[in-house]
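Engineer: What follows is a single structure, and I will ask about it in a moment.
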Amino acid sequence: MKQIAFATAATLCLALPAYAEEERGTSLMEEGAKLFFKGIMQEMEPALDELQGLADEIGPSLLEFSRAMGPALKDLLAEVEDWSVYEPLEMLPNGDIILRRKQPKAEVPQSDTPEIEL
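Each residue of the sequence shown is one higher than the one before, counting from 71 in our numbering.
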């Protein structure tokens with residue numbers, strides 16, 4: 071999400087100087103937008119650097135996980151057509167993972183007595 075925001079801010083900041091090259095100069099709105107996005111980029115830079123460090127740290131582990139579990143996950147995704155009919159995954163204390171199908175909701179039977187409006 072932060073990468074998308076950074077890319078958008080960078081794109082807008084790079085696009086604004088093209089408009090600034092017009093003969094009449096930049097408007098106050100354009101200058102304000104430049105300053106706004108420059109501030110956002112400066113504020114986000116430490117967070118993005120930290121995110122990059124985290125990605126570098128976990129990247130090899132995720133790659134190994136995807137190599138090991140990829141075929142099994144592909145088979146599971148092929149078998150399950152609609153994930154909305156299943157409960158969230160549940161991990162048991164022994165490490166087993168259970169995927170339960172949701173129970174259909176019981177319909178409330180309609181009573182024969184009419185309702186009274188107050």
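Built from N, CA and C at the ideal position, the CB exists for glycine as well. In this text, all values refer to a predicted model and were calculated from it rather than measured experimentally.
1) Please report the Cβ distance between Y156 and L169, rounded to the nearest whole angstrom; I am assuming they are in contact, meaning their Cβ atoms lie under 8 Å.
2) In the DSSP assignment, what residue or residues form a beta bridge with R171?
3) What first and last residue would you give for the alpha helix (DSSP H) that runs through E100?
4) Just the C-alpha distance for P130 and T96, rounded to the nearest angstrom, thanks.
Structural biologist: The relevant details are as follows:
1) Working through the sequence shown from its first residue, we reach residue 156 at position 86. Working through the sequence shown from its first residue, we reach residue 169 at position 99. Indeed they touch by this definition, with Cβ atoms about 6 Å apart.
2) Counting from 1 along the sequence shown, the entry for residue 171 is found at position 101. Note: R171 sits in a beta bridge opposite Y156.
3) Working through the sequence shown from its first residue, we reach residue 100 at position 30. Residues 98-149.
4) As a first step, residue 130 must be located in the sequence shown, where it is residue number 60. As a first step, residue 96 must be located in the sequence shown, where it is residue number 26. One C-alpha to the other measures close to 47 Å.
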